[in-house]
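Down below is the structure, laid out as structure tokens.
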């Protein structure tokens, strides 16, 4: 009986790590809809309220627009009714420390629930759609 030896080779591969770039939350990402209470001195369209920027978003659900808000206290009710996704980012010195957030959105409106008003009428943010993401904000 003749013996044969089979050689087995095992190759181990490891995934090459990809570098991740930390988001600089003091500058808007490319293509963002920009909101600022003050002039930025740029040739970019800048909205003076968050709602105006939200109203300017494309209606297509195939794109995910980003709204970047510069520092300030914004006294407004936000109504987001878009079939697709929306991302809102606020100016912040650190995405890891909420006390560094420099965007505040507030809306002071009570409702009379005895007069058939809905509690949603007093919401600071009322959002419908598939996906709504907010980062570095204070409400």
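Residue numbers (our numbering): 590 to 728. Note that the Cβ used here is the ideal one computed from N, Cα and C, for glycine as well.
For this session: Could you pull out every residue in the same chain whose Cβ sits closer than 8 Å to the Cβ of residue 672, ignoring the five residues on either side in sequence?
Result: As a first step, residue 672 is located in the chain shown; it is residue number 83 there, counting from the start. Within the same chain, residue 672 has close Cβ partners 648, 650, 718, 719.
Exercise. Taking the C-alpha atoms as reference points, what is the distance between residue 641 and residue 694?
Worked result: Within the chain shown, numbered from 1, the residue matching residue 641 stands at position 52. Within the chain shown, numbered from 1, the residue matching residue 694 stands at position 105. If I take the Cα positions, the gap works out to 14 Å.
For this session: Determine the extent of the beta strand (DSSP E) in which residue 722 is found, giving its start and end residues.
Result: Residue 722 sits at position 133 when you count from the first residue of the chain shown. Unbroken beta strand (DSSP E) run through residue 722: 720-724.
Exercise. Since residue 643 is in the alpha helix (DSSP H), which residue starts that stretch and which ends it?
Worked result: Working through the chain shown from its first residue, we reach residue 643 at position 54. Counting along the chain, the alpha helix (DSSP H) containing residue 643 begins and ends at 639-644.
Exercise. With distances taken from CA atoms, which of 713, 654, 677 is nearest residue 668?
Worked result: Taking the first residue of the chain shown as 1, we reach residue 668 at position 79. Ranking the options by Cα distance to residue 668, first place goes to 713.
Exercise. By Cβ distance, which residues of its chain are closer than 6 Å to residue 721, with the 5 residues on each side in sequence left out?
Worked result: As a first step, residue 721 is located in the chain shown; it is residue number 132 there, counting from the start. Counting only Cβ-Cβ distances below 6 Å, and skipping sequence neighbours, we find 675.
Exercise. Which term fits residue 662, buried or exposed, when burial requires 16 or more other beta carbons within 10 angstroms of its beta carbon?
Worked result: The count along the chain shown starts at 1 and reaches residue 662 at position 73. So residue 662 counts as exposed.
Exercise. Among the residues of its own chain, which have a CB less than 6 Å from the CB of residue 677, if the five just before and after it don't count?
Worked result: In the chain shown, residue 677 corresponds to position 88, counting from 1. Correct list, in chain order: 656, 723.
Exercise. Does DSSP classify residue 680 as helix, strand or coil?
Worked result: Here residue 680 is taken as the residue at index 91 of the chain shown, counted from 1. If DSSP states are grouped into helix, strand and coil, residue 680 belongs with coil.
Exercise. Around the Cβ of residue 680, are there at least 16 other Cβ atoms within 10 angstroms (buried) or fewer (exposed)?
Worked result: Taking the first residue of the chain shown as position 1, residue 680 is located at position 91. Buried, by the Cβ-count rule.
Exercise. Taking the alpha-carbon positions, what's the residue 633 to residue 711 distance?
Worked result: The residue labelled residue 633 in the question sits at position 44 within the chain shown. The residue labelled residue 711 in the question sits at position 122 within the chain shown. Going by the C-alpha atoms only, they are around 33 Å apart.
For this session: Can you say whether residue 627 is buried or exposed, counting buried as having 16 or more other CB atoms within 10 angstroms of its CB?
Result: For this step, residue 627 is matched to residue 38 along the chain shown. The residue is exposed, with fewer than 16 neighbouring Cβ atoms inside 10 Å.
For this session: Pick out whichever of 726, 617, 715 has its Cα sitting closest to the Cα of residue 685.
Result: Taking the chain shown and counting its residues from 1, one reaches residue 685 at position 96. The shortest C-alpha separation from residue 685 is found at 726.
For this session: Output the boundary residues of the beta strand (DSSP E) element that contains residue 667.
Result: By one-based count along the chain shown, residue 667 stands at place 78. Counting along the chain, the beta strand (DSSP E) containing residue 667 begins and ends at 667-670.
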